[in-house]
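In terms of this note's numbering, the sequence shown opens at residue 474 and continues consecutively.
All residues carry an ideal CB built from backbone N, CA and C; glycine is no exception.
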Amino acid sequence: MARDDDDDDDLLERFDRDGYVVVPRVLTSEELEIVRRECGGVTRAYATRGGHRVVATDDDEDLDDDDDDETRRKRARRGRGRGRVDDGDGDGDGDGDGDGDDASHLQWLSTSHGCVLEVPGCCDCCDVPDKIRGGYRVRGCVARCDPAVDALLSRDGALGSLAVALLRARPGDAAADSVCLFNDQYIVKPPSRASASASASSSFAWHVDSQWLGDEDAGDDDDGSGYAPYVSLWTALDDVDDVNGAVMVLPYPPATRGKSGGDGGDGGDGGDGGDGGDGASPTKTETKKTKTASAARHHLERSRAYGVTPSRLDALSRGECARGDGDGSEDETSRIFARVRVCAMRAGSVLALSDRVLHCSGPNASGASRRAWMPQFSLGAVRRSGPAEGGVVALAVPIDGIGRRKE
Numbered sequence: 474m475a476r477d478d479d480d481d482d483d484l485l486e487r488f489d490r491d492g493y494v495v496v497p498r499v500l501t502s503e504e505l506e507i508v509r510r511e512c513g514g515v516t517r518a519y520a521t522r523g524g525h526r527v528v529a530t531d532d533d534e535d536l537d538d539d540d541d542d543e544t545r546r547k548r549a550r551r552g553r554g555r556g557r558v559d560d561g562d563g564d565g566d567g568d569g570d571g572d573g574d575d576a577s578h579l580q581w582l583s584t585s586h587g588c589v590l591e592v593p594g595c596c597d598c599c600d601v602p603d604k605i606r607g608g609y610r611v612r613g614c615v616a617r618c619d620p621a622v623d624a625l626l627s628r629d630g631a632l633g634s635l636a637v638a639l640l641r642a643r644p645g646d647a648a649a650d651s652v653c654l655f656n657d658q659y660i661v662k663p664p665s666r667a668s669a670s671a672s673a674s675s676s677f678a679w680h681v682d683s684q685w686l687g688d689e690d691a692g693d694d695d696d697g698s699g700y701a702p703y704v705s706l707w708t709a710l711d712d713v714d715d716v717n718g719a720v721m722v723l724p725y726p727p728a729t730r731g732k733s734g735g736d737g738g739d740g741g742d743g744g745d746g747g748d749g750g751d752g753a754s755p756t757k758t759e760t761k762k763t764k765t766a767s768a769a770r771h772h773l774e775r776s777r778a779y780g781v782t783p784s785r786l787d788a789l790s791r792g793e794c795a796r797g798d799g800d801g802s803e804d805e806t807s808r809i810f811a812r813v814r815v816c817a818m819r820a821g822s823v824l825a826l827s828d829r830v831l832h833c834s835g836p837n838a839s840g841a842s843r844r845a846w847m848p849q850f851s852l853g854a855v856r857r858s859g860p861a862e863g864g865v866v867a868l869a870v871p872i873d874g875i876g877r878r879k880e
């Protein structure tokens, strides 16, 4: 699928400014069906391996994969499909007749896996995936891992081409050959009404995706030259809203010329370790090489301007900060959360997240599991420092090698 350069420039401008961008209708209905089917297969594979109950889902043959989203929403409100909830009659199907299933059987999704199901290694149909060559989607897979999904991740595919644009790696750019598939996973949130523990374990606290790297790995100790930025393409497989656990994003603070003011800090110093910068996106006059390096530096600098930590955001969200003692937490809460955006999306749309933007999500309070697919693409291999220095984290499959392997 050919992308429109003008549209991509607009997406890139918003992505650089805010650290995220919502792109509607990225997947066609046919592509959405393929991915949903694979998600169902991967979920069942994990259930079988863990000794959990395997039940019919919306993607099994006895249910209609061609249902439109309105039909799916009606089914979710009834508590049917992708997990049923308890209506008090002991069957959990929401109809009061006492002959269905309790959604508590889905609790393992959150308590055992944190709602995250990695595609590589989900079944025994292929050898242990090679981090560089991939090889975890084969025809005839018992988990329904579908090689057709690889086409969506390729350079010309719906998601691969979007990643290439956001990572400034289009043809002619210096980084054109550097894009790698870094991760490939489904995020399935069970209905939180299954149990209190399911509600807590299916919520994602405030974080940035690359905070697990630590300061050194993320390039916070230098100019970011050793940092491999990546983008997460959070793809909605169901309609998503604030009821069933939509992602909430705190955009980068508004850029100011010469300063990067913070959210909740004393502002103006570019955040911890920052040099202030001008907070602006790379200019058109930069060379392609400088522009690519500047993109990584740009997101590091923009994230340093937050002036508030993920743990502080969590405390403010829970109302655990002291009130009425003059600490300013009430003003801080109002100022920060006025800028938070709830990313309600239609199925097939994509929320693209910089690995440096703050975001979180709450539990799924609907009557059905909520599904998303989140491949991640990096600008070069993401590697660890320290004792495992040089080791590739997760995957580093070159984008032009995706799907080009023996099945």
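Spell out the partners DSSP gives residue i in its beta bridges.
| i | result |
| --- | --- |
| F677 | S834 |
| W707 | L824 |
| M818 | V713 |
| Q658 | E591 |
| Y493 | L826 |
| G607 | D603 |
| R844 | V661 |
| F850 | L654 and V704 |
| R856 | V865 |
| V888 | Because residue 888 is not part of the residues shown, which for the chain are 474 to 880, the question remains open. |
| V508 | V508 is not bridged to any residue. |
Shortest alpha-carbon distance to residue i belongs to which of the options?
| i | options | result |
| --- | --- | --- |
| A867 | T584, D657 and L635 | D657 |
| S807 | A841, S790, V823 and S822 | S790 |
| V716 | L706, Y700 and A841 | A841 |
| P871 | A649, S784 and A678 | A649 |
| V813 | P726, A778 and D619 | P726 |
| A453 | S665, A678 and R610 | Here the chain covers residues 474 to 880 and nothing more, so residue 453 does not appear. |
| S784 | Y703, F677 and V622 | F677 |
| Y609 | V622, A621, G594 and R617 | G594 |
| F850 | R517, W679, Y703 and I660 | Y703 |
| L826 | L635, I809, H586 and L500 | L635 |
| A520 | H578, L505 and E486 | H578 |
| R517 | P644, C618 and L686 | C618 |
| T782 | S585, L686 and V681 | V681 |
| G513 | R487, C614, S585 and E486 | C614 |
| H772 | A701, T708, W685 and P836 | A701 |
| V440 | R476, R487 and R643 | The structure shown does not extend to residue 440, since the chain spans only 474 to 880, so no value can be given for it. |
Is the CB-CB distance between residue i and residue j below 7 Å?
| i | j | result |
| --- | --- | --- |
| V815 | A719 | yes |
| L654 | L706 | no |
| V865 | K604 | yes |
| D489 | S683 | no |
| L626 | L852 | no |
| L710 | A845 | yes |
| G638 | D873 | It should be pointed out that residue 638 corresponds to Ala in this sequence rather than to Gly. For A638 and D873, no; Cβs fall outside 7 Å. |
| S675 | S583 | yes |
| V713 | M818 | yes |
| P620 | S822 | no |
| W679 | D804 | no |
| L484 | V494 | yes |
| G876 | D478 | no |
| D491 | P663 | no |
| I660 | V589 | yes |
With respect to 6 Å, is the separation between the Cβ of residue i and the closest non-hydrogen atom of the ligand SAM below this value?
| i | result |
| --- | --- |
| P620 | This structure lacks the ligand SAM, and indeed carries no ligand of any kind. |
*Report yes or no: do the region 832-839 and the region 495-510 share at least 3 C-beta pairs separated by less than 8 Å?*
no
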